[in-house]
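Below you'll find the structure, written out as structure tokens, and then a few comments.
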Amino acid sequence: MRLRTDIWVSALIRQAENAGALVAVMKKGAVEAGAVFLIVDGTDGTNDLYGPAPQSIFDTDRPTDRVFIRLAAGTTLPDLETRLSSERRFDPDLWIVEIQDRQRRPFVTLVDETPANPRS
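For the sequence shown, the residue numbers in numbering that gives the first Met the number 0 are 0 to 119.
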């Protein structure tokens, strides 16, 4: 069973803040099962965007884990807003969390963008 999104986001905030990052929830989504998107502000005027990894990318051993992929890197905030408004139209229950960190750490589990079990 997957941890509720509001509890998971609270843990993410605590972890990032304990490491010296600043965190803000820009949009609260569904309490129990909303998708989470992360904006990581590197304090240099550019941002990275992370979103939920498609289930086809990671192993079926971890069906309850929240794993992410980087969707955009070194992007301006207006460009990210355009992308996120499209995501919001598709899924109005999503969460958007912004992390300001000089080291650009997302504080989440990342997966490669290649499938773990590619089909031949």
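Ideal Cβ placement from N, Cα and C applies to all residues, glycine included.
Through-space distance from residue j to residue i, alpha-carbon basis
{"i": "Glu-86", "j": "Ile-6", "result": "22 Å"}
{"i": "Gly-41", "j": "Leu-48", "result": "11 Å"}
{"i": "Val-8", "j": "Gly-73", "result": "24 Å"}
{"i": "Asn-46", "j": "Glu-31", "result": "27 Å"}
{"i": "Pro-77", "j": "Ser-55", "result": "30 Å"}
{"i": "Asp-92", "j": "Asp-111", "result": "26 Å"}
{"i": "Leu-21", "j": "Asp-64", "result": "24 Å"}
{"i": "Gly-50", "j": "Ala-34", "result": "8 Å"}
{"i": "Val-96", "j": "Val-39", "result": "9 Å"}
Per-residue DSSP class, three states only, for residue i
{"i": "Gln-99", "result": "strand"}
{"i": "Thr-45", "result": "coil"}
{"i": "Ala-72", "result": "strand"}
{"i": "Asp-64", "result": "coil"}
{"i": "Leu-37", "result": "strand"}
{"i": "Pro-105", "result": "coil"}
Exposure of residue i, with buried meaning 16 or more beta-carbon neighbours within 10 Å
{"i": "Gly-44", "result": "exposed"}
{"i": "Thr-4", "result": "buried"}
{"i": "Ala-52", "result": "buried"}
{"i": "Ala-109", "result": "It should be pointed out that residue 109 corresponds to Leu in this sequence rather than to Ala. Answer is exposed; the Cβ neighbour count stays below 16."}
*asked:* Assess contact between the region 70 to 90 and the region 11 to 19, defined as three or more Cβ pairs (one per stretch) separated by less than 8 Å. Is contact present?
replied: no
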